[in-house]
Amino acid sequence: MISSIKIEGQEDTPKIIFDPENDIFEISGRSLPEDAALFYEPILAWLKEYSQNPNAKTEMHVKLNYFNTASSKLLLDLLMVLEDMTEEDHDCMIKWFYDEEDEDMEEAGEEYSELIEVPFELLTY
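Taking my numbering, the leading residue of the sequence shown gets 13, the next gets one more, and so forth.
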């Protein structure tokens, strides 16, 4: 089994926990890294490797309270890996969490749910 990837969140980068052994796949916090491509490159590479031999079920939790435009494209790239997995008959699910007062994050979740062919749930916290 592929080892987990854990990145502690900073002021401008999200916390990332992809831990297949414990069935935890979570992105949380704020995502506005100076170089989004550089930040997300190893995360995307990890997820692509994981997708070659995934768990029986992969449930991605997205709990971002802010992300910039550059991050939005890379977030889409991550979610598209789950879409590829779904197309290969792997059981995937995306749970998009947002503050009930945050219309921007709710709309972002709705937009991603329309772009990605993966079971998608929007949840408030």
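Ideal Cβ placement from N, Cα and C applies to all residues, glycine included.
Along the chain, which unbroken stretches of the beta strand (DSSP E) at least 3 residues long are found entirely within the region 27-100?
-> 27-31, 36-43, 69-79
If we call anything under 9 Å between Cβ atoms a contact, is Leu56 one with Asp89?
-> The sequence position of residue 56 within the sequence shown is 44, counting from 1. The sequence position of residue 89 within the sequence shown is 77, counting from 1. The answer is yes: Cβ separation under 9 Å.
Using 10 angstroms around the beta-carbon of Glu33, count the other beta-carbons present and answer buried if the total reaches 16, otherwise exposed.
-> Numbered from its first residue, the sequence shown carries residue 33 at position 21. Burial call: exposed.
Put Tyr137 into one of helix, strand or coil per three-state DSSP.
-> As a position in the sequence shown, residue 137 is number 125, starting the count at 1. In the structure shown, Tyr137 falls within a coil segment according to DSSP collapsed to helix, strand and coil.
Indicate whether at least one CB of chain D lies closer than 9 Å to the CB of Leu86.
-> Among the protein chains of the structure shown there is no chain D, as only one such chain exists.
Range of the contiguous beta strand (DSSP E) that encloses Met13 | Position 1 of the sequence shown holds residue 13. Unbroken run through Met13: none, as it is neither H nor E.
Can you have a look at Ser15 and say buried or exposed, based on whether 16 or more other CB atoms are within 10 angstroms of its CB?
-> Here the question's residue 15 lines up with position 3 in the sequence shown. Exposed, because fewer than 16 other Cβ atoms sit within 10 Å of the Cβ of Ser15.
Taking Asp103 as part of the beta strand (DSSP E), name the residues at either end of that continuous run.
-> Indexing the sequence shown from 1 puts residue 103 at position 91. Start and end: 103-110.
Grab me the residues of Cys104's own chain with a C-beta within less than 6 Å of its C-beta, minus the 5 sequence neighbours each way, in chain order.
-> Residue numbering aside, residue 104 sits at position 92 when the sequence shown is read from its first letter. Only Thr70, Leu94, Met97, Thr98, Val130 meet the Cβ criterion.
Does the separation of the CB atoms of Trp108 and Leu86 fall below 9 Å?
-> Stepping through the sequence shown from its first residue, residue 108 is reached at position 96. Stepping through the sequence shown from its first residue, residue 86 is reached at position 74. Result no, Cβ atoms of Trp108 and Leu86 do not sit closer than 9 Å.
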